[in-house]
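Since the structure comes first, as structure tokens, the remarks are kept for the end.
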Amino acid sequence: MIFFDRVSKVYPDESVALENVTFSIEPKEFVSIVGPSGAGKTTLLKLFLAEEKPSTGAVFYEESDVHALGKKEMNEFRRKVGMVFQDFRLLPNKTVYENIAFTMEAAGRSDEEIEQDVPHVLDLVDLSNKVWNFPRELSGGEAQRVAIARALVNEPDVIIADEPTGNLDPVNTYDVVQILKKINDLGTTVILTTHNKGIIDSLGKRVIAMERGRVIRDDRSGKYFA
Ligand code: ADP
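-6 is the number that the numbering used here gives to position 6 of the sequence shown; each next residue is one higher, with no gaps.
Printed below as a string of structure tokens:
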């Protein structure tokens, strides 16, 4: 479903961010991408989302080269991918409900769908009691769960969570990881980048380890260190 075929990325200043990276991710997999800062994790995600072009090699999603998509296909492709970031990126002047409704409006969903789906997705992340709160009234863990609900509401095939627990304490980290697991169990592919060894070990799912632009390990045993 996702296929990186011998992908290298050299930025214009000659920084080598990825070197001959090949892997595939099947539908409904849960994959963690780990590696120290500068390893190439962000570049890899940007190449998948077609925000950057590979220098050599190609990135495929369901048989299509994502860097060869026309405008319409690109919009369709990006709608299939939900993003979750370390810094949540909620709209501060909108309530929890409005943050999620806004994303649905942008995707052209009807008022009826919005009224039906927003409560449903907030229930899924266990935040039915915060519907009318503003982001500043939420804990970090709650804010991240709203961001996950927002990423989910348009029913993407893939959720990319880029260091989603980087700003959270251990209890909230645990909650966020449990929700990602639940989403995966319900059939969504999850790609998680993290520095947190404890998360990887507790997940027991596939780990792609990167270092200096290369995949140094691709391991289904679910351990940070093989
Ligand atoms: P990670 O997300 O694992 O920290 P990155 O993909 O951000 O790694 O970075 C990989 C390498 O590419 C680093 O050496 C970084 O300095 C370099 N790099 C990332 N983005 C750019 C850019 N826009 N221009 C030049 N070099 C970049």
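Backbone N, C-alpha and C fix where the C-beta goes; we use that ideal spot for every residue, glycine too. Note that the coordinates shown come from a computational prediction; the quantities given were computed from them, not determined experimentally.
Would you say residue i touches the ligand ADP, meaning its beta carbon is less than 6 Å from a heavy atom?
i	result
D1	yes
A56	no
G28	yes
S(-4)	no
A5	yes
S25	yes
T44	no
T182	no
T161	no
T91	no
T153	no
T31	yes
According to DSSP, simplified to helix, strand and coil, what is residue i?
i	result
A214	Its pLDDT being 48, under 50, A214 is placed unreliably in this model, and the value from its coordinates should be taken loosely. Coil.
V203	strand
V215	Since the first residue of the chain shown is -11 and the last is 214, residue 215 is not available in this structure.
G173	The sequence given here places Asp at residue 173; Gly does not occur at that position. Three-state result, D173: helix.
L126	coil
V141	coil
M198	strand
K193	coil
F76	coil
R208	coil
K(-3)	strand
D53	strand
T181	strand
D105	helix
V119	coil
List the endpoints of the continuous beta strand (DSSP E) containing residue i.
i	result
Y49	44 to 49
V9	4 to 13
Y71	According to the sequence shown, residue 71 is Met rather than Tyr. Unbroken beta strand (DSSP E) run through M71: 69 to 73.
V22	18 to 22
D150	146 to 150
Find out if the Cβ-Cβ distance for the pair residue i, residue j is shorter than 7 Å.
i	j	result
L115	R138	no
V203	S20	no
V54	V84	no
K29	T181	yes
F(-8)	V47	yes
R(-6)	G45	yes
V113	A89	no
K215	F11	For the chain, the structure presents residues -11 to 214; residue 215 sits outside this window and is missing.
M(-11)	E50	yes
I136	I179	no
N160	A95	no
G186	D163	no
R208	A197	no
G201	E61	no
P152	V22	no
V(-2)	S43	yes
T31	A56	no
Q74	N155	yes
L78	V109	no
Just checking: is the beta-carbon of residue i within a distance shorter than 7 Å of some beta-carbon in chain C?
i	result
E101	Absent from the structure: chain C. Only one protein chain is present.
How far does the alpha helix (DSSP H) with residue i in it reach, from first residue to last?
i	result
K34	29 to 36
V84	84 to 94
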